[in-house]
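Undergrad: The structure's right below; bear with me while I get my questions together.
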DNA sequence: ATGGATAGAGACCTGTCGGTCGCTAAATAC
DNA sequence: GTATTTAGCGACCGACAGGTCTCTATCCAT
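Residue numbers (the numbering used here), protein chains in the order written: chain A, 389 to 626; chain B, 389 to 626.
Below you can see the structure in the form of structure tokens.
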């Protein structure tokens, strides 16, 4: 139902005429056309997966939502799997970028602030879609293969971002990775369950609990470090 | 292609004859027939969901795996949703029963033993299927409705079972529920990720971490209890 | 034995899915 | 300008999904 060409008065006339109606989109390069279409498709895919889940995210729904035809879709993606792969890469990228932005914006955040950022990010569409894809990958070998490289990159980036939180520098890479993964699992699970059986009170308690435990881990780590450096018992707290 | 009737020499002859070929199944009551068929269907549904996921668990696959025809299936279940609901109830029941058995078998288990039981249970088919159903329920309103009651029961039972672990008695109902849920989320997430990117070393560390966490909570709880009983500051840590 | 009810079988129906194909529109090369 | 390439469209296809329907086998009451 688009009427671009119809509203253009005349192709040749508009070309060299000084006055151009700004509501009518001007000539775009092939690259621009391509990129906007791909972007619309991926945005729609994210929205649809968040709405109806990975398995029910049909190409029909994605085309409808994006305003791109089936033919247009298959011009840029070889298959549904291909589109899903590209979508996974995109949500991973956005998730990491936004997490980094939010943490740097806080500037030396407290633990509870950092954890709140993490929890909120896990409730956003980007992470919901990532989660859907991961769950689907368990039982879909093709998807798993396609996502393996994207996943590696994503997991590494997440750990790197977590280093923005004060206290993270105390832990070696592998410990930090395990801690971050554990928190991710917790918030992923919470994000799912809250859509089935919401419990805001428990969510708050969980956040405080996680912060307390993080403090515990950090102080323990600091004590361990100082006791190996100087063998005195830590009696200087008084 | 079954030939039960063909291999039976004669109905009347076999009825009162003392000798009966044991390879030929004898007369079963309607109730027996019904229950074994339902059981076969649900077992197959569990296996298929664990294999290919909730969304790809088609009735065709379930019928093939169970050896029951489509007609037989729809004799006992009104729809796929109905079958899935029954399957959810069954996996929930089995999960709780087995968890209780394993914990009582240990008899006053240590925290790490109890956590290991919990983790192992979360890797079993019953919990994998439960998880698949929960994730699907997020984006499937009909499924969510059907599972709501089953879910409530399951969540309550899980908390009740967790009271078998020494130390649990220190916590009020709501705290315990939140703690158990947190651990469940952690182990659920781990169970998914280990099928995509296995990391046995991190898993062991995580188990120790969880045990540390539990100890942390219990000691804090005990300190809080004793400090309210006797208002002295907790300087007895030595 | 026999009639009615329940269990089970499997061909069949309709809708939707991912994917293809031939076509037009637009941008680029010349 | 014209030719060629790229972007985008939508009718169409085979496969398979969940669900229905008719028919047979088995069980139970009498």
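Idealized CB from N, CA, C, for every residue including glycine.
Does DSSP put residue 438/A in a helix, in a strand, or in coil?
TA: Here residue 438/A corresponds to residue number 50 of the first chain, with the count starting at 1. Three-state result, residue 438/A: helix.
Undergrad: What does residue 466/A reach in chain B if we use C-beta pairs closer than 8 Å?
TA: Working through the first chain from its first residue, we reach residue 466/A at position 78. Those within 8 Å of residue 466/A in chain B number zero; the least Cβ separation is about 21 Å.
Undergrad: Anyone know if the C-beta pair for residue 602/A and residue 494/A falls short of 9 Å?
TA: Within the first chain, residue 602/A is the residue found at index 214, counting from 1. Within the first chain, residue 494/A is the residue found at index 106, counting from 1. No, Cβ-Cβ distance for residue 602/A and residue 494/A is not below 9 Å.
Undergrad: With a cut-off of 8 Å on the beta carbons, I'd call residue 649/B and residue 476/B a contact; round off their distance for me.
TA: Residue 649/B is absent from the model: chain B starts at 389 and stops at 626.
Undergrad: Just checking, does the region 551–567 of chain A make contact with the region 447–467 of chain B on the three C-beta pairs under 8 Å criterion?
TA: Touching, no.
Undergrad: Against chain B, does residue 432/A count as a neighbour if the rule is that its beta carbon must be under 9 Å from one of theirs?
TA: Sequence index remark: in the first chain, residue 432/A carries index 44 (1-based). It does not; no Cβ of chain B falls within 9 Å.
Undergrad: Could you please tell me which residues of the region 592–607 of chain B, in chain order, have their CB closer than 9 Å to any CB of chain A?
TA: Within the region 592–607 of chain B, the residues whose Cβ lies closer than 9 Å to some Cβ of chain A are 593, 594, 597, 598, 600, 601, 604 and 605, listed in chain order.
Undergrad: For residue 455/A, does the three-state DSSP call read helix, strand or coil?
TA: Against the first chain, residue 455/A aligns to sequence position 67. In the structure shown, residue 455/A sits in coil (DSSP, three-state: anything other than H, G, I, E or B).
Undergrad: Tell me which residue opens and which closes the alpha helix (DSSP H) that residue 529/A is part of.
TA: In the first chain, counting from the first residue as 1, residue 529/A sits at position 141. From DSSP, the alpha helix (DSSP H) with residue 529/A extends over 529–550.
Undergrad: Helix, strand or coil for residue 608/B, going by three-state DSSP, please let me know.
TA: In the second chain, residue 608/B corresponds to position 220, counting from 1. The answer is helix: DSSP assigns residue 608/B an H, G or I state.
Undergrad: Which bits of chain A does residue 566/B rub up against, with CB to CB less than 9 Å?
TA: As a working mapping, residue 566/B is identified with position 178 in the second chain. Within chain A, the residues near residue 566/B are 587, 589, 590, 591, 593, 594 and 597.
Undergrad: For a contact defined as C-beta to C-beta under 9 Å, what are the partners of residue 578/B on chain A?
TA: Mapped onto the second chain, residue 578/B falls at position 190. Simply 569, 570 and 573.
Undergrad: Under 9 Å between C-beta atoms, does residue 424/A make it to chain B?
TA: In the first chain, counting from the first residue as 1, residue 424/A sits at position 36. Cβ-Cβ to chain B under 9 Å: no for residue 424/A.
Undergrad: Verify the CB distance criterion: does residue 584/B have a CB-CB separation below 9 Å to chain A?
TA: By one-based count along the second chain, residue 584/B stands at place 196. So yes, residue 584/B belongs to the interface.
Undergrad: Can you tell me whether residue 590/B is buried or exposed, with buried defined as 16 or more other CB within 10 angstroms of its CB?
TA: Residue 590/B sits at position 202 when you count from the first residue of the second chain. It counts as buried.
Undergrad: Residues in the same chain with beta-carbon distance under 7 Å from residue 483/B, minus the five sequence neighbours each way, listed in chain order, please.
TA: Numbered from 1 along the second chain, position 95 holds the residue referred to as residue 483/B. Closer than 7 Å at Cβ, skipping near neighbours: 509, 514, 515 and 518.
Undergrad: Within 10 Å of its beta-carbon, does residue 506/B have 16 or more other beta-carbons around it, so buried, or fewer, so exposed?
TA: Translated into positions along the second chain, residue 506/B becomes position 118. Classification for residue 506/B: buried.
Undergrad: Of all the options 526/B, 610/B and 550/B, which has the alpha carbon lying nearest to the alpha carbon of residue 444/A?
TA: Position 56 of the first chain, counted from the first residue, corresponds to residue 444/A. Measuring from the Cα of residue 444/A, the nearest candidate turns out to be 526/B.
Undergrad: Determine contact between the region 535–554 of chain A and the region 451–464 of chain B, defined as no fewer than three beta-carbon pairs at a distance below 8 Å.
TA: With the cut-off at 8 Å, the region 535–554 of chain A and the region 451–464 of chain B do not touch.
Undergrad: Identify whether residue 570/B lies in helix, strand or coil by the three-state DSSP scheme.
TA: Translated into positions along the second chain, residue 570/B becomes position 182. It is helical.
Undergrad: Over the uninterrupted alpha helix (DSSP H) stretch that includes residue 443/A, give me the two end residues.
TA: In the first chain, counting from the first residue as 1, residue 443/A sits at position 55. No alpha helix (DSSP H) contains residue 443/A, which DSSP labels as neither H nor E.
Undergrad: Is the beta carbon of residue 432/B closer than 9 Å to that of residue 454/B?
TA: Position 66 of the second chain, counted from the start, is the residue given in the question as residue 454/B. Position 44 of the second chain, counted from the start, is the residue given in the question as residue 432/B. Yes.
Undergrad: Using the rule of at least 16 other Cβ atoms within 10 Å of the residue's Cβ for burial, across every protein chain shown, is residue 489/A buried or exposed?
TA: Taking the first residue of the first chain as 1, we reach residue 489/A at position 101. Exposed is the call here.
Undergrad: Cβ closer than 7 Å: which chain B residues qualify as neighbours of residue 525/A?
TA: If you number the first chain from 1, residue 525/A lands on position 137. 584, listed in chain order.
Undergrad: Closest Cβ-Cβ distance between residue 522/A and chain B: below 9 Å?
TA: Stepping through the first chain from its first residue, residue 522/A is reached at position 134. At least one chain B Cβ lies under 9 Å of residue 522/A.
Undergrad: Could you tell me which chain A residues have their CB closer than 7 Å to the CB of residue 480/B, listed as they occur along the chain?
TA: Here the question's residue 480/B lines up with position 92 in the second chain. Simply none; closest approach about 14 Å.
Undergrad: Please decide whether residue 543/A counts as near chain B, where near means a Cβ-Cβ distance under 9 Å.
TA: Within the first chain, residue 543/A is the residue found at index 155, counting from 1. Cβ-Cβ to chain B under 9 Å: yes for residue 543/A.
Undergrad: So, for residue 613/A: in the same chain, excluding its five sequence neighbours on each side, which residues have a beta-carbon less than 8 Å away from its beta-carbon?
TA: Here residue 613/A corresponds to residue number 225 of the first chain, with the count starting at 1. Here the set comprises 558.
Undergrad: Please report how far the alpha carbon of residue 610/B lies from the alpha carbon of residue 575/B, in whole angstroms.
TA: For the purposes of this step, residue 610/B is identified with residue 222 of the second chain, where counting begins at 1. For the purposes of this step, residue 575/B is identified with residue 187 of the second chain, where counting begins at 1. Each residue's Cα considered, the two are about 26 Å apart.
Undergrad: To the nearest angstrom, how far is it from the Cα of residue 504/B to the Cα of residue 595/B?
TA: Taking the second chain and counting its residues from 1, one reaches residue 504/B at position 116. Taking the second chain and counting its residues from 1, one reaches residue 595/B at position 207. Computed Cα separation, rounded: 7 Å.
Undergrad: Between residue 538/B and residue 546/B, what straight-line distance do the alpha-carbon atoms span, to the nearest angstrom?
TA: If you number the second chain from 1, residue 538/B lands on position 150. If you number the second chain from 1, residue 546/B lands on position 158. Those two C-alpha atoms are separated by around 12 Å.
Undergrad: Pop quiz: residue 481/A and residue 579/A are said to be a contact at Cβ under 8 Å. What is the actual Cβ separation, rounded to whole angstroms?
TA: Indexing the first chain from 1 puts residue 481/A at position 93. Indexing the first chain from 1 puts residue 579/A at position 191. So it is not a contact: roughly 20 Å between Cβ atoms.
Undergrad: Just verifying my parser: in three-state terms, what is the DSSP assignment at residue 465/B?
TA: Residue mapping note: residue 465/B aligns to position 77 of the second chain, counting from 1. In this structure, residue 465/B counts as coil in the three-state DSSP scheme.
Undergrad: Taking the Cβ atom as the reference point for each residue, do residue 471/B and residue 429/B lie within a distance shorter than 9 Å?
TA: The sequence position of residue 471/B within the second chain is 83, counting from 1. The sequence position of residue 429/B within the second chain is 41, counting from 1. In this structure, residue 429/B lies closer than 9 Å to residue 471/B by Cβ.
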